[in-house]
Amino acid sequence: MDRQLKILAYFVFVLLVLLIALPVIYTYSLVIFQDSHFTENIQNIDFQSIKLLFKSILWSGLVAGLSTLIGGLLGFLLYKTPLKYKTFYKLILLMPLILSPYIWAVAWQDFFYVTFDNNLWVSSVAGIIWVQTLIYTPLAILIIGNALSNVDKSLEEAALTISSPKNTILKISLPLVKPAFWTAFILIFIFSLSEFSVPALFSVKVFTTEIFTNFSAFYNYNLAIIQSTLLVVISLWLLWTESHFISKAPFLSVGNRGNTGYLFRFKKQRIYIKALLIFWVFLSVIVPFLMLSLQALKSGYQTVFQAFKILQPAFIDSFIWAATGSIIAIVVALIFSYFSWHHKRQEHRLIRWTNLILLTTFGLPAMVYGISLIYFYNRPVLGWIYSSVVILIIGFVGKYGFIALKMLQNTTRQIPFSLDEAAQLTGASTFKRFKTIYLPLMTPAILAVFILNFILMSNDLAIPIMTFPPGTQPVSVKVFTMMANASQSLTSAMIFVFFTVTLSAVSLLYLILKNLLISKNVYR
Amino acid sequence: MKKIFLILSSIAILTACQHKADEVVVYTSVDQIFSEPILQDFEKETGIKVKAVFDTEETKSTGVLNRLIAEKNYPQADVFWSGDPVRTIVLKNKGISTVYHSPQAADIPAVFKDPEGYWTGFSARARVLIYNKKRLKPEQVPQSIFDLTKPAYKGQVAIANPLFGTTTFHIAALFSALGDQKAKEFMSGLKHNQVVIATSNGDVKDRVSKGQLACGLTDTDDAFEAMKENPDVGMVFLDQNGTQPLGTLIMPNTLCLIKNSPNNKNGKKLIDFLLQKSTEAKLAKLCAQMPLHKSVPTPKGIPSLDDIIPMTINYDQTAQTLENIQNYLKEWIGN
Numbered sequence: 103m104d105r106q107l108k109i110l111a112y113f114v115f116v117l118l119v120l121l122i123a124l125p126v127i128y129t130y131s132l133v134i135f136q137d138s139h140f141t142e143n144i145q146n147i148d149f150q151s152i153k154l155l156f157k158s159i160l161w162s163g164l165v166a167g168l169s170t171l172i173g174g175l176l177g178f179l180l181y182k183t184p185l186k187y188k189t190f191y192k193l194i195l196l197m198p199l200i201l202s203p204y205i206w207a208v209a210w211q212d213f214f215y216v217t218f219d220n221n222l223w224v225s226s227v228a229g230i231i232w233v234q235t236l237i238y239t240p241l242a243i244l245i246i247g248n249a250l251s252n253v254d255k256s257l258e259e260a261a262l263t264i265s266s267p268k269n270t271i272l273k274i275s276l277p278l279v280k281p282a283f284w285t286a287f288i289l290i291f292i293f294s295l296s297e298f299s300v301p302a303l304f305s306v307k308v309f310t311t312e313i314f315t316n317f318s319a320f321y322n323y324n325l326a327i328i329q330s331t332l333l334v335v336i337s338l339w340l341l342w343t344e345s346h347f348i349s350k351a352p353f354l355s356v357g358n359r360g361n362t363g364y365l366f367r368f369k370k371q372r373i374y375i376k377a378l379l380i381f382w383v384f385l386s387v388i389v390p391f392l393m394l395s396l397q398a399l400k401s402g403y404q405t406v407f408q409a410f411k412i413l414q415p416a417f418i419d420s421f422i423w424a425a426t427g428s429i430i431a432i433v434v435a436l437i438f439s440y441f442s443w444h445h446k447r448q449e450h451r452l453i454r455w456t457n458l459i460l461l462t463t464f465g466l467p468a469m470v471y472g473i474s475l476i477y478f479y480n481r482p483v484l485g486w487i488y489s490s491v492v493i494l495i496i497g498f499v500g501k502y503g504f505i506a507l508k509m510l511q512n513t514t515r516q517i518p519f520s521l522d523e524a525a526q527l528t529g530a531s532t533f534k535r536f537k538t539i540y541l542p543l544m545t546p547a548i549l550a551v552f553i554l555n556f557i558l559m560s561n562d563l564a565i566p567i568m569t570f571p572p573g574t575q576p577v578s579v580k581v582f583t584m585m586a587n588a589s590q591s592l593t594s595a596m597i598f599v600f601f602t603v604t605l606s607a608v609s610l611l612y613l614i615l616k617n618l619l620i621s622k623n624v625y626r
Numbered sequence: 487m488k489k490i491f492l493i494l495s496s497i498a499i500l501t502a503c504q505h506k507a508d509e510v511v512v513y514t515s516v517d518q519i520f521s522e523p524i525l526q527d528f529e530k531e532t533g534i535k536v537k538a539v540f541d542t543e544e545t546k547s548t549g550v551l552n553r554l555i556a557e558k559n560y561p562q563a564d565v566f567w568s569g570d571p572v573r574t575i576v577l578k579n580k581g582i583s584t585v586y587h588s589p590q591a592a593d594i595p596a597v598f599k600d601p602e603g604y605w606t607g608f609s610a611r612a613r614v615l616i617y618n619k620k621r622l623k624p625e626q627v628p629q630s631i632f633d634l635t636k637p638a639y640k641g642q643v644a645i646a647n648p649l650f651g652t653t654t655f656h657i658a659a660l661f662s663a664l665g666d667q668k669a670k671e672f673m674s675g676l677k678h679n680q681v682v683i684a685t686s687n688g689d690v691k692d693r694v695s696k697g698q699l700a701c702g703l704t705d706t707d708d709a710f711e712a713m714k715e716n717p718d719v720g721m722v723f724l725d726q727n728g729t730q731p732l733g734t735l736i737m738p739n740t741l742c743l744i745k746n747s748p749n750n751k752n753g754k755k756l757i758d759f760l761l762q763k764s765t766e767a768k769l770a771k772l773c774a775q776m777p778l779h780k781s782v783p784t785p786k787g788i789p790s791l792d793d794i795i796p797m798t799i800n801y802d803q804t805a806q807t808l809e810n811i812q813n814y815l816k817e818w819i820g821n
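Protein chains in written order, with our numbering: chain A, 103 to 626; chain B, 487 to 821.
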């Protein structure tokens with residue numbers, strides 16, 4: 103192991119512990135050691151709460167399962183078949199992630215009312231599963247599709263010489279990206295489990311609404327934090343199962359990535375593939391977006407201009423904060439991913455602990471994590487962090503760093519370490535090997551992670567609402583604070599503007615970065 | 487060691503210098519679309535920079551309150567401007583606010599002020615019933631809150647989640663005014679009548695305005711907004727008739743000064759500014775709020791407190807009742 107890399111990895115790990123983990127540890131220590139009601143709060147987690155937790159797990163499991171399956175299929179079609187307008191589909195299918203789940207849920211509620219004169223069906227558990235599946239499927243498309251595009255072409259070509267495409271897909275391509283399926287499932291499961299705005303809108307009680315009620319109606323933070331621990335335990339259990347049953351599986355050893363992935367050509371089924379993609383775009387994007395647009399344009403274009411004028415000052419800052427958070431998360435994830443690659447994919451305790459820290463902050467409900475940041479950073483000596491946007495960036499990296507780490511670790515697993523060993527024999531330094539071998543092979547994944555984290559950080563509401571410094575205002579927060587009592591048309595217009603501007607920014611970033619990072623990359 | 491000490495001292499000095507003399511930090515749960523223009527006027531008039539933290543509907547407007555509670559040991563805010571009395575009373579009870587008797591509040595009726603000076607009310611909203619004219623004929627519109635439990639309105643009435651916001655306070659006020667038994671009977675009646683629990687007052691407004699439901703309880707600002715947008719929406723002040731009518735709940739905006747706040751002096755200036763008659767006049771114009779000062783000019787159509795029979799309650803006691811009934815309300819909502 104290279105000494106410099108080891109020092110860098112340990113240094114970043116210490117920073118993670120100090121900046122991200124310590125606030126949570128500090129808050130838990132307050133709850134356990136300073137709260138006289140600790141035992142009473144533990145007793146408050148009764149049978150009803152546990153029952154509710156199991157129900158929520160079941161529903162979130164269904165959402166995660168459906169999203170992963172559908173996302174896997176769509177990811178395959180987008181990344182493993184020679185489809186026209188791929189970039190367009192890839193970007194448009196990301197659209198459900200741009201807006202808050204609450205807004206999509208309102209759009210669906212309106213759609214059912216306008217179309218069927220009744221929205222009772224959608225205001226139910228089935229409605230939650232429906233809306234959340236549509237919203238989170240893009241995550242699975244991105245994660246699984248990206249992994250599929252990295253599968254070694256020669257393995258698939260070899261399989262095709264002796265077997266049918268169907269067999270090759272089922273026995274070679276898909277098993278090779280099993281970790282990506284599992285990652286997508288875990289991430290969506292945790293997102294769904296900790297999301298409370300859709301169940302609240304549909305008047306369905308879930309475990310997170312229980313936590314939210316204790317937090318926001320009873321101001322019983324300590325009980326809310328104890329309840330949140332159960333969510334973290336579930337997240338950690340999922341991580342444990344992954345490391346035991348998936349990561350060590352032998353079929354993960356993928357071959358050389360020095361070429362583009364194999365593309366399956368289904369000539370006869372081409373029409374069905376297109377129909378399926380268009381159907382999903384229609385369902386997940388066009389229907390809800392149409393509802394929002396119709397309401398936005400009901401009062402004419404003037405309202406849209408008014409909405410733009412209101413939101414415009416907040417856009418630039420919000421995008422800069424999201425881009426900064428996303429870049430930092432990627433840098434951290436890259437250092438640990440490279441460290442694990444260097445370690446020949448053996449589980450190193452540093453990687454285990456980093457996963458543990460970032461998964462804990464990801465699995466904690468954002469409100470609880472936000473409170474931890476306030477408790478820890480709001481003190482005179484750390485005031486320079488608390489009263490600046492640094493707190494917001496720390497919050498973003500803590501909340502979404504796990505996604506970057508997981509996705510980049512998965513891609514790293516697909517790169518043979520023999521490449522590094524060969525370069526080492528030539529006497530190349532760690533930095534040179536990182537720059538010339540590892541980084542170019544990682545660029546498509548880095549781009550995907552950047553876009554995903556940028557979207558999630560731009561539209562995040564819960565972390566900013568607890569941490570943004572007075573006098574600043576992220577655009578996501580502004581949309582929600584303004585819509586509280588604005589007219590329906592202005593509310594819809596603000597959502598429309600937010601959506602359109604964010605999508606334009608994402609598309610622009612995607613095209614610029616793709617051109618900069620991938621097109622000039624000799625390995626692709 | 488010396489170096490570390492120097493770095494830490496520099497950071498501490500930098501931190502101490504952060505709060506400039508010409509700024510004030512206000513946290514507000516009042517909708518940004520209404521509060522922001524008023525705060526901008528304060529900036530223009532005094533030259534004091536206002537740093538505001540606004541709150542959102544999706545988090546039930548509890549973001550700022552939770553921040554204030556969590557920041558108790560090292561407050562960042564100078565002033566809290568609440569859309570109702572509940573949150574300022576919570577802050578008083580948690581020892582987060584401090585006493586301030588503003589000279590501008592001298593002629594505001596005592597019932598809308600904390601006797602000890604922890605909070606002061608101004609511009610009020612009322613709890614009203616909005617209805618969709620396409621769903622209810624004039625003679626069918628409920629006139630009393632108790633009408634909502636009648637079979638004619640089964641599954642047709644919306645209220646916001648009673649664990650949050652002004653709806654909690656409304657229910658607590660009913661418990662104060664009616665007593666536990668009668669209030670619980672009323673709540674059971676609502677439940678039996680399949681009342682729809684919306685996420686917020688805004689959600690009640692939207693559902694009634696779109697005709698998804700016939701009527702719902704909300705605040706006057708939502709009601710006026712709905713009527714402005716949709717001529718099919720009407721509004722009623724409930725329980726105004728009879729020999730001993732229950733009356734309508736009046737909820738003033740409230741202001742409190744945060745204890746040990748960094749810009750205490752500017753905080754007081756902001757409170758004085760917000761308690762002026764001119765602010766009440768602006769809020770009447772912006773969001774149909776009823777002034778508590780006498781002789782404030784209001785636009786046509788804005789009701790005056792003199793014309794409404796208010797529900798007789800003590801705000802501090804009602805806030806206490808609210809704490810007592812929260813578990814009951816949680817059970818009432820059920821699964």
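The beta-carbon is built from N, C-alpha and C at its ideal position, and this holds for glycine as well.
7 Å or more divides the Cβ of B:V690 from the Cβ of B:A659.
Annotation: the continuous alpha helix (DSSP H) that includes A:P415 extends over 403-444. Look at B:Q698: its C-beta is under 7 Å from a C-beta on chain A. For the region 291-306 of chain A, the beta-carbon criterion of a distance under 7 Å to any beta-carbon of chain B is satisfied by S299, A302, L303, S305. Rounded to whole angstroms, the separation of the alpha carbons of B:W605 and A:G503 is 42 Å. When CB distances to chain A are screened at a threshold of 8 Å, the residues of the region 559-573 of chain B falling below it are N559, Y560, Q562, A563, in chain order.
A direct Cα-Cα distance of roughly 45 Å separates A:W486 from B:E715. Counting only the Cα atoms, A:S531 lies some 42 Å from A:A166.
Annotation: the continuous alpha helix (DSSP H) that includes A:L510 extends over 492-515.
The contact set of B:L703 on chain A, defined by CB atoms closer than 9 Å, is empty, because the minimum CB distance reaches about 16 Å.
Per DSSP, B:D705 is not a residue of any alpha helix (DSSP H); the beta strand (DSSP E) it occupies stretches across 701-705.
Annotation for A:F283: T170, G174, I246 place their beta carbon closer than 7 Å to its own, counting only its chain and skipping 5 residues before and after.
Classified as exposed, A:Y187 has fewer than 16 neighbouring CB atoms from the shown chains inside 10 Å of its CB. Straight-line measurement puts the Cα of A:A416 at about 11 Å from the Cα of A:W423. Residue ranges of uninterrupted alpha helix (DSSP H) with 4 or more members, entirely inside the region 590-667 of chain B and ordered along the chain, are 651-664. Judged by DSSP in its simplified three-state form, A:V224 adopts coil rather than helix or strand.
The CB of B:K537 comes closer than 7 Å to the CB of P572, G573 in chain A, given here in chain order. Using beta-carbon distances, B:L769 does not count as an interface residue toward chain A, since no partner is under 7 Å. Segment contact: the region 675-683 of chain B against the region 629-646 of chain B, three or more CB-CB distances shorter than 8 Å; contact assigned.
Short of 8 Å from the beta carbon of A:L193, and not among the five residues preceding or following it, lie these beta carbons of its own chain, in chain order: L605, V608, S609, Y612. Note on geometry: alpha-carbon atoms of B:T685 and A:G229 lie some 16 Å from one another. When DSSP states are grouped into helix, strand and coil, B:S583 belongs to the strand group. Note that the region 551-567 of chain B touches the region 727-747 of chain B; at least 3 beta-carbon pairs, one per stretch, sit closer than 8 Å.
For the region 134-147 of chain A, the set of positions with a beta-carbon nearer than 9 Å to some beta-carbon of chain B is empty. Cβ contact annotation for A:L155 (same chain, cutoff 7 Å, sequence separation greater than five): F309, L332, in chain order. Taking a cut-off of 8 Å on C-beta distances, the region 728-737 of chain B touches the region 787-802 of chain B, as three or more cross pairs fall below it. Judged by DSSP in its simplified three-state form, A:Y364 adopts coil rather than helix or strand. Secondary structure in the region 198-253 of chain A: the alpha helix (DSSP H) runs of 4 residues or longer, each lying completely within the stretch, are 203-218, 227-251 in chain order. Neighbours of B:Q518 in chain A, taken as residues whose beta carbon is under 8 Å from its own, are K580, T583, M584, A586 in chain order. Chain order gives no chain B residues near A:S131, where near means a beta carbon separation below 9 Å; the closest approach is about 15 Å.
In the three-state scheme derived from DSSP, where H, G and I count as helix and E and B as strand, B:T514 is classed as strand.
Residue environment: A:S490 is assigned as exposed (fewer than 16 neighbouring CB atoms within 10 Å of its CB, all protein chains considered). Each of A:Q414, A:I313, A:I336, A:R367 was checked against the Cα of A:F601, and the nearest Cα belongs to A:Q414. Looking at the DSSP output, B:C742 bridges to B:F566. Within chain A, the residues placing a beta-carbon under 8 Å from that of B:G549 are I567, M568, ordered along the chain. Residues of the same chain with a CB within less than 8 Å of the CB of A:F391, apart from the 5 flanking positions on each side, are M197, A209, F601 in chain order.
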